[in-house]
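Here the sequence shown is numbered in our numbering, starting from 479 and rising by one per residue. Don't be surprised by glycine CBs; every beta carbon is placed ideally from N, CA and C. Predicted, not measured: the structure shown is a model, and the values here were computed from it. First up is the structure itself, then whatever we jot down about it.
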Amino acid sequence: MVALIALANAQPPDAVFQGDGSEPLSIIYTSGTTGLPKGVLNCHNAFVASGLHMTRFLRITEADRIMVFLPLF
479 MVALIALANA QPPDAVFQGD GSEPLSIIYT SGTTGLPKGV LNCHNAFVAS
529 GLHMTRFLRI TEADRIMVFL PLF
């Protein structure tokens, strides 16, 4: 685990996104409970807004660390 963290820390940061926040970023597929599954486009602004609202709701600060253990697919 320590080697993985060291490897991650050695990577240069990604460039800051310079595009329009309304551009599509991902496609999330619905479950299809009322018909066929459908692809829903999500934009950059949606992800940023979601993160901001969750950090405020959960009172997360820069000192906190969060582990995501669910699959992100």
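Item                                                                          : Value
Proximity of Cys521 and Glu540 at Cβ, strictly below 8 Å                      : no
Distance CB(Leu503)-CB(Phe525) smaller than 8 Å                               : yes
Per-residue DSSP class, three states only, for Ser528                         : helix
For Ile505, the nearest candidate out of Gly517, Thr511 and Leu482 (CA to CA) : Gly517
Range covered by the beta strand (DSSP E) that runs through Ile538            : No beta strand (DSSP E) holds Ile538; DSSP gives it neither H nor E.
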